[in-house]
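One structure below.
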Amino acid sequence: VTGLSAGVVYVVCSHGIFADASSDYVVENPNVPAAIAAGIGFFVAQAFGGVFDMTSDALLYCYGLDLHEGGSAETAPPGLRRLVLSKGGGPVENSSGSSSSRNKK
1 VTGLSAGVVY VVCSHGIFAD ASSDYVVENP NVPAAIAAGI GFFVAQAFGG
51 VFDMTSDALL YCYGLDLHEG GSAETAPPGL RRLVLSKGGG PVENSSGSSS
101 SRNKK
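In UniProt numbering, the protein residues as written are 1 to 105.
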């Protein structure tokens, strides 16, 4: 995102009205606006990355808690179920050898 933002701004500032020396909108050095765009792009990408990170952590936590408490986790995405089961995860067994069912009626 950072590189793409900087690249687009650099290309835009290097062509057309921004590169025409007789224009009122001429950009003498396209590196400056490109660097500013890179900085803005970096912070926007960090914000979206942080939201994605928190969302994925919450999803994994809730899925694990549901499995631990004996729930069926039927609303979990199929890909998440396959991933957890492929890594040896699953319902927690209690001392009698059966799955925990504290919340089941």
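Glycine included, every Cβ here is placed at the ideal spot set by N, Cα and C.
- Exposed is the label assigned to Leu65, since fewer than 16 other Cβ atoms lie within 10 Å of its Cβ.
- By the neighbour-count criterion, in which a residue is buried when 16 or more other Cβ atoms sit within 10 angstroms of its Cβ, Tyr61 is exposed.
- Going by C-alpha positions, Gly50 is about 17 Å away from Gly39.
- In the structure shown, the three-state DSSP call for Ser86 is helix.
- The count of Cβ pairs closer than 8 Å, one atom from the region 24-36 and one from the region 3-12, reaches three, so the stretches are in contact.
- Per DSSP, Ser5 is one residue of the alpha helix (DSSP H) stretching across Thr2 to Ser14.
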